[in-house]
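Be aware that the sequence shown starts at 69, since it is given in this note's numbering, and climbs by one per residue. For reference, the structure is listed below as structure tokens.
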Amino acid sequence: MCGYYTPDTLTPDDDVDTDGWQIEPLPDSGVCAPPTIVNITTGADSVAGTTHTVTWPSSIASGNRLVIFVNRRTTAVVATFPGGWTYITPGGSESDYSILYYDCSGSESGTFDFTTATSSGPLSWGIIQYSNVHPTAP
69 MCGYYTPDTL TPDDDVDTDG WQIEPLPDSG VCAPPTIVNI TTGADSVAGT THTVTWPSSI
129 ASGNRLVIFV NRRTTAVVAT FPGGWTYITP GGSESDYSIL YYDCSGSESG TFDFTTATSS
189 GPLSWGIIQY SNVHPTAP
């Protein structure tokens, strides 16, 4: 069966596995394909500053998901990303790294900026672009 697992919160007459998990069908999908890496891009900012410019990956399609890992090699700072980016960890707190994801509309191109509360650098980042990612249960 094609789907994803969720904790059982339904009534006993629902289709529930004995371990308390149930399988939910994927919406509007007759084919189950695992997430696929479309591409991986990297970048760096060798100059200390508060604004850091990142180039969007190539071949972005609507429904794809980006995951970015930013590593700051100096003092821990709070990083702020533009709208649409969601922290996975550490949640925008003061840290020497950030991991976020972004669900693509397909119109992304060029560059975007993120900022750090204090001058930060050097830093580097990597972006993994995935396709076939479930929109609500990644």
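Where is the CB? At the ideal position from N, CA and C, for every residue including glycine. Here the structure is a predicted model, which is why all the values come from computation and not from measurement.
Cβ neighbours of residue i in the same chain (closer than 8 angstroms, five flanking residues each side left out)
i	result
residue 77	For residue 77, the predicted model reports a pLDDT of 49, less than 50, meaning its position is unreliable; a value from the coordinates is still stated below. No residues qualify anywhere along the chain.
residue 110	192, 193, 194, 195
residue 200	101, 102, 103, 104
residue 154	168, 169, 170
Best match in the options for proximity to residue i [C-alpha to C-alpha]
i	options	result
residue 152	125, 180, 140, 102	180
residue 121	155, 130, 147, 171	147
Beta-carbon spacing of residue i, residue j below 8 angstroms
i	j	result
residue 128	residue 176	yes
residue 168	residue 112	no
residue 140	residue 165	yes
residue 183	residue 123	no
residue 30	residue 150	The question about residue 30 has no answer here: the residues shown for the chain are numbered 69 through 206.
residue 130	residue 174	yes
residue 197	residue 106	yes
Close-in-space but distant-in-sequence residues of the same chain around residue i (CB under 6 angstroms, 5 per side omitted)
i	result
residue 125	107, 109, 195, 197
residue 157	167
residue 135	169, 196
Beta-carbon contacts of residue i that lie in its chain and below 7 angstroms, excluding the five residues immediately before and after
i	result
residue 80	Unreliable positioning characterises residue 80 in this predicted model, as indicated by a pLDDT of 47, which lies under 50. The coordinate reading is nonetheless provided below. Nothing meets the Cβ criterion.
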